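2 protein chains.
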Amino acid sequence: MKRTKIKQLFLEKKEGSVLVCAWVRTNRAQAQFGFLNVNDGSCLANLQVVYDAKLANFEEISKYRVGVSVQIKGNVVLTPSAKQPLEVHAEEVVMLGDCPEDYPIQPKRHTREFLRENAHLRARTNLFNAVFRVRSVAAMAIHSYFQSHGYVYVHTPLITCADCEGSDQMFKITTLNMQNPPLNEDGTVDFSKDLFGKQSFITGSGQLQGETYAMAFGDIYTFGPTFRTENSNTKTHANEFWMIEPEMAFCDLEGLMDVEEEMLKYVIKYVLDNCEEEINFFDQFVEKGLKKKLTDLVDAKFVRISHHDVVDILLKSGQKWEFTPSFDDDIAKEHERYITEHFNGPVFIKDWPKDIKAYYMKVNPDGKTVAAVDLVVPLSGELMGGSQREENLEVLLKRMEEMHVEKDGIDWYLDTRRYGGCVHSGFGMGFERLIMYLTGIENIRDVIPFPRTPKSCEY
Amino acid sequence: MKRTKIKQLFLEKKEGSVLVCAWVRTNRAQAQFGFLNVNDGSCLANLQVVYDAKLANFEEISKYRVGVSVQIKGNVVLTPSAKQPLEVHAEEVVMLGDCPEDYPIQPKRHTREFLRENAHLRARTNLFNAVFRVRSVAAMAIHSYFQSHGYVYVHTPLITCADCEGSDQMFKITTLNMQNPPLNEDGTVDFSKDLFGKQSFITGSGQLQGETYAMAFGDIYTFGPTFRTENSNTKTHANEFWMIEPEMAFCDLEGLMDVEEEMLKYVIKYVLDNCEEEINFFDQFVEKGLKKKLTDLVDAKFVRISHHDVVDILLKSGQKWEFTPSFDDDIAKEHERYITEHFNGPVFIKDWPKDIKAYYMKVNPDGKTVAAVDLVVPLSGELMGGSQREENLEVLLKRMEEMHVEKDGIDWYLDTRRYGGCVHSGFGMGFERLIMYLTGIENIRDVIPFPRTPKSCEY
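Line by line, the protein sequences give chains A and B.
According to numbering that gives the first Met the number 0, the first sequence is numbered sequentially starting from 0.
According to numbering that gives the first Met the number 0, the second sequence is numbered sequentially starting from 0.
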């Protein structure tokens with residue numbers, strides 16, 4: 000007999016004999032019968048299994064502890080309950096793997112901190128089972144959106160030797176003996192002996208390589224891990240995280256915002272459609288109103304407004320600010336919060352002062368701002384950042400000079416402007432930020448299976 | 000007017016006015032009219048654009064060089080040609096970005112080596128456009144297979160501090176100054192000052208973490224970049240590549256082979272269905288018979304045979320071998336080739352001598368072999384490797400001792416056997432190997448956008 004997954008049982012709601020393999024979540028034994036609640040990871044809901052004294056090993060079963068893995072043969076019986084539409088009446092229950100009493104995941108409330116210290120076991124709780132299933136489904140939603148819109152998925156390299164983006168923020172990688180590295184005559188490390196023949200790093204972005212592929216395929220996206228060395232212990236920083244970086248040829252800033260808005264709505268709708276149980280769980284136990292927040296966003300028309308006009312609104316608001324809004328400066332968390340409340344929905348803030356933005360962003364006709372755009376959403380702040388790229392080689396070179404960006408090592412990038420350059424745009428979205436938005440979870444450590452943060456690299 | 004992608008034009012085959020943005024592939028100008036062949040990356044096929052002397056800038060257009068980006072307004076006209084079902088009669092042609100004469104990608108045959116040295120431009124050729132579109136579509140096929148079968152996609156960490164898998168094969172990563180690292184009193188590097196407070200690496204596998212998630216979700220898969228420090232310059236080695244590692248609870252070796260076979264057929268069929276143009280191109284220009292090879296595989300029943308019986312066949316074959324087949328040894332490339340020809344199809348080789356396999360593989364009742372399996376396919380050799388895992392903690396610990404595997408640092412892994420362990424299995428598939436199989440391309444450097452190999456880390 001083939002094993003049936005519990006999810007399948009709930010989908011089919013069909014009486015008949017089945018074979019189920021799963022882990023015991025609770026076991027309530029009485030004198031003549033007992034109830035096992037078991038979960039096989041295929042869905043959030045547990046399956047109730049009724050066993051009785053007619054089973055030869057009834058005494059044994061009634062002692063099964065939480066965490067034990069079991070194989071159950073029995074009959075599906077439909078029950079007149081909305082919450083639990085069926086149960087299985089066991090004809091045979093066999094223990095596959097025992098679980099001692101010191102099993103850390105007991106059927107009680109554990110703190111998030113405790114579960115972080117048991118990251119290899121926490122996916123066995125309802126909360127993390129829901130979080131990491133949403134993470135998986137959201138990843139699929141992203142691939143599904145871009146592929147169905149004709150984008151090509153590009154695996155840009157993680158190892159890089161170009162330190163143009165500021166090697167201070169990148170991990171160095173090496174195959175040299177760090178204790179006794181080979182040295183040059185002047186006493187510096189001889190990286191010609193390293194695997195790549197020069198000093199190499201792990202990168203924080205695939206954008207530049209992505210742009211070269213957009214000039215071949217029109218529309219491309221990346222989706223992969225990203226690394227930052229930031230020594231920062233906050234709820235929103237991790238040293239390893241995943242990022243999506245789409246890049247579109249023949250696309251200006253307005254077109255970019257169209258894509259961002261359509262993509263985000265698609266992903267949220269996909270998760271709402273495919274993770275109803277999980278979203279309801281978060282709505283009940285993690286963030287009250289989460290489901291409404293998400294459905295509202297799907298129906299919202301995103302506001303598009305310039306950085307200048309945002310600062311204007313902030314200054315005229317009469318609010319007391321910790322950070323005074325400025326036409327020349329970045330926008331603080333408190334400002335983002337105010338502006339999304341002001342418009343009661345997601346806001347694209349565009350046309351930023353060029354001095355606080357990256358060199359590759361398109362300089363606007365005013366000469367002072369660049370065609371950059373940040374998307375801020377209610378409650379969570381910035382979700383995506385993007386820009387139209389400077390396609391004019393002369394202007395780009397001037398900007399690189401102004402901002403002290405090394406040209407050496409990225410001449411290949413400039414070729415995108417030399418050979419058939421065109422208006423193009425792209426954005427980046429931190430995947431964990433999206434998952435935090437989708438689940439209501441407030442600490443990035445709780446949406447990454449095995450998080451890496453300063454002084455913390457377990458498992 | 001909104002831009003229409005060329006792929007859309009070919010799909011719809013509808014007359015009417017359109018706006019197209021694309022790059023010039025060829026330009027044949029005559030006295031009174033001319034033909035631009037343009038490509039926008041949305042599909043392999045070029046669009047033919049007819050322009051004539053009625054256009055005010057006719058002289059200019061006729062001088063457009065290869066690589067120029069253009070915007071074309073015109074009318075779609077259906078043509079009675081199977082090869083080119085439509086063309087556009089231009090009403091306006093505007094240059095968006097010029098392209099000088101030194102543009103490396105000219106409409107002629109370039110060597111693969113030359114194109115590797117122009118990796119940032121090579122996706123603009125038909126060959127690499129086809130290769131990297133197939134790579135993208137195959138990635139989607141993999142996600143699609145696993146997600147539709149209820150697997151959870153897990154992002155296992157790349158940074159690791161556990162050097163249990165042999166840190167010699169891993170890149171070291173650090174934020175320390177490699178020139179003058181902080182030292183302990185005994186003169187060794189003081190890694191407590193490093194970002195994670197200890198020495199850290201970039202990993203070559205997510206399997207162990209994946210197993211812990213299989214014990215929560217039942218079925219999981221990983222799909223991400225992987226790193227090896229191998230100083231090996233061959234056609235099949237790269238230091239950065241992508242890998243898929245599924246792991247299934249309640250699944251034995253036979254179940255594992257079922258999954259591998261079904262998944263591979265699904266992915267190949269998906270690519271055949273979605274990349275017909277590209278597969279035909281490879282069949283014509285890269286590997287004659289490729290399409291038949293792929294369709295044959297989809298229809299094949301994979302053979303399942305033990306390592307022992309394979310060696311038996313090899314020894315009795317009467318062939319002269321460079322490497323003599325042995326019951327205790329690995330199987331060489333020449334043996335793989337012979338055995339797939341012998342069975343005229345894909346072959347699962349299972350139950351390998353335990354001494355040449357990893358410690359975590361399930362020891363068979365004979366005590367001599369493990370429940371490992373390699374899938375070898377005609378022409379390409381090994382495509383996947385997997386095993387049933389040793390779920391018995393005692394046996395696993397004994398194997399670790401025998402094979403000198405450090406227990407320190409992976410006690411969490413052993414918890415999968417302590418707490419509700421069960422029969423489970425998993426496999427790994429190198430994504431590049433799959434792409435080489437799908438395209439007929441023989442050098443791994445030509446299926447990775449920006450390959451990293453010893454002494455080579457450009458872009």
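The C-beta atom is built at its ideal place from N, Cα and C for all residues, glycine as well.
None of these values were measured; they are calculated from a predicted model.
Residues near residue i in its chain [Cβ-Cβ closer than 8 Å; skip 5 each side]
i, result
"K300 (chain A)", "G344"
"N230 (chain B)", "P453"
"V473 (chain A)", "Any question about residue 473 (chain A) goes unanswered here, given that chain A covers just 0 to 458."
"W320 (chain A)", "L313, A331, E333, H334"
"Q203 (chain A)", "A small correction: the amino acid at residue 203 (chain A) is Gly; Gln does not occupy that position in the sequence shown. The answer, listed in chain order, is E164, Q168, M169, T225, F226, R227."
"G15 (chain B)", "N74, V75"
"C20 (chain B)", "R2, D39, S68, V69, Q70, I71, L95"
Cβ-Cβ distance between residue i and residue j below 9 Å
i, j, result
"G429 (chain A)", "W241 (chain A)", "yes"
"V75 (chain B)", "R24 (chain B)", "no"
"H306 (chain A)", "T211 (chain B)", "no"
"N38 (chain B)", "N26 (chain B)", "no"
"L252 (chain B)", "K356 (chain B)", "no"
"P156 (chain A)", "E112 (chain B)", "no"
"Y359 (chain B)", "L395 (chain B)", "yes"
"Q206 (chain A)", "E246 (chain A)", "yes"
"A122 (chain B)", "E277 (chain B)", "no"
"V153 (chain A)", "F281 (chain B)", "no"
"Y220 (chain B)", "I141 (chain B)", "yes"
Residues of its chain near residue i, where Cβ-Cβ distance is below 6 Å and the 5 sequence neighbours each way are ignored
i, result
"L413 (chain A)", "none"
"S41 (chain A)", "K4, I5, K6"
"G217 (chain A)", "A248"
"V136 (chain B)", "V270, N273, C274"
"L289 (chain A)", "F281, D282, G439"
"L509 (chain A)", "Lying before the first or after the last residue shown, residue 509 (chain A) is absent from chain A, which here runs from 0 to 458."
Span separating the alpha-carbon of residue i from that of residue j
i, j, result
"V310 (chain B)", "K332 (chain B)", "13 Å"
"H88 (chain B)", "Q70 (chain B)", "13 Å"
"P12 (chain A)", "Y144 (chain B)", "Looking at the sequence shown, residue 12 (chain A) is not Pro but Lys. If you take the alpha carbons of K12 (chain A) and Y144 (chain B), they lie about 25 Å apart."
"M435 (chain A)", "V375 (chain A)", "14 Å"
"G385 (chain B)", "I409 (chain B)", "21 Å"
"N464 (chain B)", "N279 (chain B)", "Residue coverage of chain B in this structure runs from 0 to 458, which leaves residue 464 (chain B) outside it and unanswerable."
"L54 (chain B)", "F9 (chain B)", "25 Å"
"D354 (chain A)", "V258 (chain A)", "26 Å"
"D407 (chain B)", "Q208 (chain B)", "15 Å"
"S147 (chain B)", "H341 (chain A)", "41 Å"
"Y150 (chain A)", "V302 (chain A)", "26 Å"
"K197 (chain A)", "I172 (chain B)", "15 Å"
"P84 (chain B)", "P448 (chain B)", "32 Å"
"H236 (chain B)", "L255 (chain B)", "26 Å"
For residue i: DSSP bridge partner residues
i, result
"C20 (chain B)", "B:Q70"
"P224 (chain A)", "A:W241"
"S424 (chain B)", "B:M247, B:Q387"
"R303 (chain A)", "A:F347"
"Y50 (chain A)", "A:G33"
"Y102 (chain A)", "Beta-bridge pairing links Y102 (chain A) to no other residue."
"F131 (chain A)", "Paired residue(s): none; F131 (chain A) is not in a bridge."
Under 7 Å from the C-beta of residue i: neighbouring residues of chain C
i, result
"A215 (chain A)", "Given the protein chain composition of this structure (A and B), no chain C is represented."
7 Å Cβ shell around residue i - same chain, five flanking residues per side excluded
i, result
"R134 (chain B)", "I434, V446"
"Q105 (chain B)", "V65"
"A52 (chain A)", "Q31, F32"
Distance cut-off 8 Å: residue i Cβ against heavy atoms of the ligand ADP
i, result
"D272 (chain A)", "The model on display carries no ligand, and the ligand ADP is accordingly not part of it."
Identify each residue in the segment 0 to 20 of chain B for which the Cβ-Cβ distance to at least one residue of chain A is less than 7 Å, and report them in chain order.
-> So the list reads R2, K4, K6, C20, given in the order they occur along the chain.
What residues in the segment 443 to 455 of chain A have a beta carbon less than 9 Å from any beta carbon of chain B?
-> Taking 9 Å as the Cβ-Cβ cut-off against chain B, the residues of the segment 443 to 455 of chain A that qualify are I447, P448, F449, P450, R451, T452, P453, K454, S455.
Relative to chain A, which residues along the segment 82 to 102 of chain B have a C-beta separation below 8 Å, given in chain order?
-> If the cut-off is 8 Å between Cβ atoms, the segment 82 to 102 of chain B has L95, G96, D97, C98, P99, Y102 near chain A.
Could you please tell me which residues of the segment 166 to 186 of chain A, in chain order, have their CB closer than 7 Å to any CB of chain B?
-> Those would be F170, K171, I172, T173, T174, M177, Q178, P180, in chain order.
Closer than 7 Å, Cβ to any Cβ of chain A: which residues of the segment 132 to 150 of chain B, in chain order?
-> Listed by position, the residues of the segment 132 to 150 of chain B near chain A (Cβ gap below 7 Å) are R132, S135, A138, M139, H142, Q146, G149.
Compile a chain-ordered list of the residues in the segment 56 to 67 of chain B whose CB is closer than 7 Å to at least one CB of chain A.
-> For the segment 56 to 67 of chain B, the set of positions with a beta-carbon nearer than 7 Å to some beta-carbon of chain A reads G66, V67 in chain order.
Members of the segment 418 to 433 of chain B that neighbour chain A once the beta carbon cut-off is set at 9 Å = Hits within the stretch, in order: Y418, G419, G420, C421, V422, F430.
Any residues in the segment 105 to 121 of chain A with a beta carbon nearer than 7 Å to a beta carbon of chain B? Which ones, in chain order?
-> Listed in sequence order: H119, L120.
Can you give me, in chain order, the residues of the segment 227 to 257 of chain B that have a beta carbon less than 7 Å from any beta carbon in chain A?
-> So the list reads T228, N230, N238, E239, W241, F249, given in the order they occur along the chain.
Just by C-beta distance, which residues in the segment 279 to 291 of chain B are closer than 8 Å to chain A?
-> Within the segment 279 to 291 of chain B, no residue places its CB atom closer than 8 Å to a CB of chain A.
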